[in-house]
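So the structure is just underneath, and the comments pick up after that.
Residue numbers (the numbering used here): 3 to 337.
Take a look at the structure:
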């Protein structure tokens, strides 16, 4: 296996690279180190990875098709995990073009490179955001997801459709992973846990959207990484029983598959904040607000396919996961 991880300086990419490096694998990483959030945090993650002699990094943007193609031709990766994307639901309301450049143009360039360089398996990050206006819980990969409520979600749904096209036309095996609210050490500063922790420690109010009635399937980073790690070597073969009269969105006669990776448990935001308060030993000042445009009120992952196919079920409880995040946060930002 010769693996490429895009977005390697990001939250999930960093942890996944460490997981593969721990097995002795050679890991090649790409990242454009954009300033959507702290570049210093990304560089600190990279510096840890660079201590391993089997880690190789290049600062390439997926939107640069020429540079990406040259890099693929020079290295001939067997497996590719695409975690490079413009993240964030609310930011897509402010800067939509960045989502087209990174999530659509960049992903198209990556598909072309995989197609022309004999990649054995492309695994790519999708998102629970694709469920949009769906209200049937838990969210299932077998349900239709044609009603996104943010451009971010639409870009991730587009990735799934683009991947299927390449799986069907060129027999490129692709697997899309719908992540559910990932949190943990080295997490993104624009995510709720990071924002809440920083505000509480500084004695500032936290914005609690949907008046605390938001529900999320919070998934600890180690569980996400273990799921991705197992799926990389689980190459889809195509579903011989697929029926065009009753099409299953998660499979295909082509080598194509979709999975949810979530904790299979939905937690109300108020409970999440209470657990955080207990871990910090401090009370939050709550600023209750209406739900934001582009947000959905609840997420909840059906992970039966993940369990059945790769034998893995995320299990980290929020009390444990938040505790580990706080320990990292206090160490990283020590006075």
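Where a beta carbon is used, it is the ideal one built from N, C-alpha and C, also for glycine. What you are looking at is a predicted structure, and each value in this text was computed from that prediction instead of being measured.
- Task: Taking residue 291 as part of the beta strand (DSSP E), name the residues at either end of that continuous run.
- Result: Taking the first residue of the chain shown as 1, we reach residue 291 at position 289. From DSSP, the beta strand (DSSP E) with residue 291 extends over 287-291.
- Task: Look up residue 222 in the DSSP assignment and give the residues it is bridged to.
- Result: Position 220 of the chain shown, counting from 1, holds the residue named residue 222. Beta-bridge pairing links residue 222 to 185.
- For the 8 Å Cβ check, are there 3 or more pairs between the stretch 87-104 and the stretch 44-62? no
- Task: Find out if the Cβ-Cβ distance for the pair residue 299, residue 212 is shorter than 8 Å.
- Result: Translated into the one-based positions of the chain shown, residue 299 becomes position 297. Translated into the one-based positions of the chain shown, residue 212 becomes position 210. Against a cut-off of 8 Å, the Cβ pair of residue 212 and residue 299 comes out as a contact.
- Item | Which residues DSSP lists as bridging residue 207, in chain order | Sequence index remark: in the chain shown, residue 207 carries index 205 (1-based). Answer is 287.
- Task: Determine the extent of the alpha helix (DSSP H) in which residue 83 is found, giving its start and end residues.
- Result: Working through the chain shown from its first residue, we reach residue 83 at position 81. Residue 83 -> not in any alpha helix (DSSP H); beta strand (DSSP E) instead, spanning 81-84.
- Can you tell me where the beta strand (DSSP E) with residue 5 in it begins and where it stops? By 1-based counting over the chain shown, the position of residue 5 is 3. Run containing residue 5: 5-8, per the beta strand (DSSP E) assignment.
- Item | residue 289 versus residue 121 - alpha carbon distance | Along the chain shown, one-based indexing puts residue 289 at 287. Along the chain shown, one-based indexing puts residue 121 at 119. Cα to Cα, the separation comes out at about 49 Å.
- Would you decide whether residue 35 is buried or exposed? Buried here means 16 or more other CB atoms lie within 10 Å of its CB. As a working note, residue 35 is residue 33 in the chain shown. Flag for residue 35 reads exposed.
- Query: Which word fits residue 180, buried or exposed, when buried means at least 16 other C-beta atoms lie within 10 angstroms of its C-beta?
  - Reply: For this step, residue 180 is matched to residue 178 along the chain shown. Buried, because 16 or more other Cβ atoms sit within 10 Å of the Cβ of residue 180.
- Message: If distances are taken between C-alpha atoms only, which option among 271, 208, 168 and 94 comes closest to residue 154?
- Response: The residue labelled residue 154 in the question sits at position 152 within the chain shown. Scanning 271, 208, 168 and 94 for the CA closest to the CA of residue 154 turns up 94.
- Message: Beta-carbon within less than 7 Å of residue 296's beta-carbon, same chain only, minus the 5 sequence neighbours each way: which residues are those?
- Response: Within the chain shown, the letter at position 294 stands for residue 296. Within the same chain, residue 296 has close Cβ partners 91, 92, 94, 95, 151 and 152.
- Roughly how far, in whole angstroms, is the beta-carbon of residue 312 from the beta-carbon of residue 233, given that I think they are within contact range, below 8 Å? Start at 1 with the first residue of the chain shown, and residue 312 comes out as number 310. Start at 1 with the first residue of the chain shown, and residue 233 comes out as number 231. Between residue 233 and residue 312 the Cβ distance is about 6 Å, and since that is below 8 Å, they are a contact.
- Is the stretch 38-54 close to the stretch 256-271, with three or more CB pairs under 8 Å? no
- Query: Using the beta-carbon count (16 or more within 10 Å), is residue 137 buried or exposed?
  - Reply: Counted from its first residue, the chain shown places residue 137 at position 135. Answer is exposed; the Cβ neighbour count stays below 16.
- Measuring CA to CA, which of 4, 69, 158 and 13 is closest to residue 114? Along the chain shown, one-based indexing puts residue 114 at 112. Nearest of 4, 69, 158 and 13 to residue 114, Cα basis: 69.
- Query: Does the stretch 162-172 come close enough to the stretch 199-216 to have 3 or more Cβ pairs within less than 8 Å?
  - Reply: no
- Item | DSSP three-state assignment for residue 217, whether helix, strand or coil | Your numbering for residue 217 matches position 215 in the chain shown. It is a strand residue.
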